[in-house]
Structures are given as C-alpha cells and as structure tokens.
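S.K.:
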Amino acid sequence: MTKRIPRLGIGGPVGSGKSMLIEKIVPVLAAKGYCISIISNDVISKEDADRMRKNLATERGLMPENLVIGIATGGCPHTAIREDPSINISVIEEMEEKHQEIDMIIIESGGDNITTTFSPSLADYTIYIIDVAGGDKYPRKGGLGIESCDLLVINKIDLAPNVGADLKVMQNDAVKIRKEKPHVFVNCKDNTGIDNVSEHIIRDLLFDSIPKIHEIKNPKES
Ligand SMILES: Nc1nc2c(ncn2[C@@H]2O[C@H](COP(=O)(O)OP(=O)(O)OP(=O)(O)O)[C@@H](O)[C@H]2O)c(=O)[nH]1
Ligand SMILES: [Mg+2]
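Going by the working numbering, the sequence shown wraps up at 222, each residue one higher than the last.
Okay, structure coming up:
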C-alpha cells in the first residue's frame, strides 16, 4: 500500500514570492534530511518549475531533477487548486506510486487573487504569501486566502521603506483578522524569517519534533 505524502500548498498574488520562498525553504529542509518534491502550477508556461529545477536540482543537487514538475493549467489558477484539482492530484498520485522516499510535496499555485484557497483534498497545510509592496492595507482587507491559510507569510519586508508600508500596522491587522493563526515576516533576499517558516512546516505539517524550537517571533516585534 502506498503512503499518502504530506502536501504543502503555497498560494498568493502574482509575483509575491511563491517560487522564491520555495527556493529558500527547500535547502533548509534538505539539510535536515527531508526529500522534497515540487509541483509548480502556472497558466501557460512552466517557467517557474524550470527555474526551480535548475536552481535546486541541477546546480545544487538538493533534490533529483525528476521531482520538480511543471503544470500549465491553461485557466484560472484557483480552478486548478480548488474547483477541479484533478490534474494536480493525478500527478501527486503518480509520485506516491513511484517515489515513496518523498517526505513532502510542495504545490505552488499560479499567481492569483486574495480569495484563492486550496481544496482540502489537494493540500494538507497551506501558506498564503503576500508582499509589502501591495501596501500595508493588505492584511486587513482580508480575503479567504489571507484569512484561512495555516500560515500567512508577509514577504519583501526589505521594500517596506520604499513603499511606505508600516510593518507594525500589518502585524496588528494580521493578528486581528487571523486571530490565533500565525504569520511570519520574511525577506527572501536575505533569508529573514526563512527558518521560522521552515519550523512551522516541520512542526505543523510533518509533525516532526525540532531539537530546539526557537520562540517564534516576528522581526519587528518589540
Ligand atoms: N526585494 C525583494 N524581492 C523579492 C523578495 N522575494 C521575491 N522577490 C522578487 O520578486 C519577484 C517575484 O518573485 P517570484 O518568486 O517569482 O514570485 P511568484 O509569486 O512565484 O510569481 P508568480 O509565480 O509569477 O506569480 C522576483 O523578481 C524576486 O526576485 C524579497 O523578499 N525582497
Ligand atoms: Mg512562481
């Protein structure tokens, strides 16, 4: 009997940093011995999958090349991860048949709107990633993606001064709208917050104990 491999869904608006977040968390998880597979959805290209395969597999050997798969959905990104996730599920089932050594499958959604969510039949744990360049109003405007995901990532905090985004406002609004559910501030360029995101995944999706769980704090918390 094949085991069900844990599935992490990553969604968010176009260009918010979904692929770059994956490129940052995979090395952390690979260093801890996890075997990761990536499925990257896009509307008409497989560019992100090709880029991640090159960066993570071909050049750094962090995973086998055949464990990075691109899907060109041809339609609305949320359709392929929520209304009819059958293409993704059939790819995952094939991976489960052939590669029982995989510890986790990451599914990147195509860039979409703030109501994007994953079907529970596709993803077991979900991250929604926004970036500060959209303005500090973003968390309080809500939307199913922001409200219902297991972990909200607020990315590109290095750009906050350039766009006049107040991270404290974003933090307060994220707490208000998500109640006790967590959020993490991230800068994918310098790895701020990446260990924190990885710890959430290891603890809450893979259910592994981390030898030393740091207190989970956001960078701008005083
Ligand atoms: N300054 C800054 N740029 C970032 C950060 N994270 C990602 N970027 C840049 O943002 C752009 C988009 O990043 P991607 O990872 O391709 O975003 P994406 O969400 O996968 O994009 P789509 O899949 O096309 O929707 C790239 O040029 C990245 O280099 C960050 O933390 N800070
Ligand atoms: Mg991408």
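For each residue, glycine too, the CB sits at the ideal point set by N, CA and C. Predicted model only: the values in this text are computed from it and were never measured.
For S19, which three-state DSSP category applies?
M.R.: If DSSP states are grouped into helix, strand and coil, S19 belongs with the helices.
S.K.: Taking Cβ positions, are L122 and R7 nearer each other than 9 Å?
M.R.: Yes, these two residues count as a Cβ contact at 9 Å.
S.K.: In chain order, what residues of the same chain have a beta carbon less than 7 Å from the beta carbon of S119, not counting five sequence neighbours either side?
M.R.: If we look at S119 and ignore the five residues flanking it on each side, its Cβ neighbours are I81, R82 and P85.
S.K.: Rounded to the nearest angstrom, what separates R4 and P161 at their Cα positions?
M.R.: Those two C-alpha atoms are separated by around 44 Å.
S.K.: Which residues mark the beginning and the end of the beta strand (DSSP E) in which I105 is found?
M.R.: That run of the beta strand (DSSP E) goes M104 to E108.
S.K.: Can you tell me the Cα-Cα spacing of D124 and L205, whole angstroms?
M.R.: Distance between the alpha carbons of D124 and L205: 7 Å.
S.K.: Confirm, please, whether the CB-CB distance from G12 to V43 is below 9 Å.
M.R.: Contact flag unset, no.
S.K.: H183 lies in the beta strand (DSSP E); which residues open and close that run?
M.R.: Start and end: H183 to F185.
S.K.: Taking its Cβ as the centre, do 16 or more other Cβ atoms sit within 10 Å of D208, making it buried, or is it exposed?
M.R.: By the neighbour-count rule (16 or more Cβ atoms within 10 Å), D208 is not buried but exposed.
S.K.: Considering only DSSP beta bridges, list what L40 is partnered with.
M.R.: According to the sequence shown, residue 40 is Ser rather than Leu. Answer by DSSP bridge pairing, in chain order: G70 and E108.
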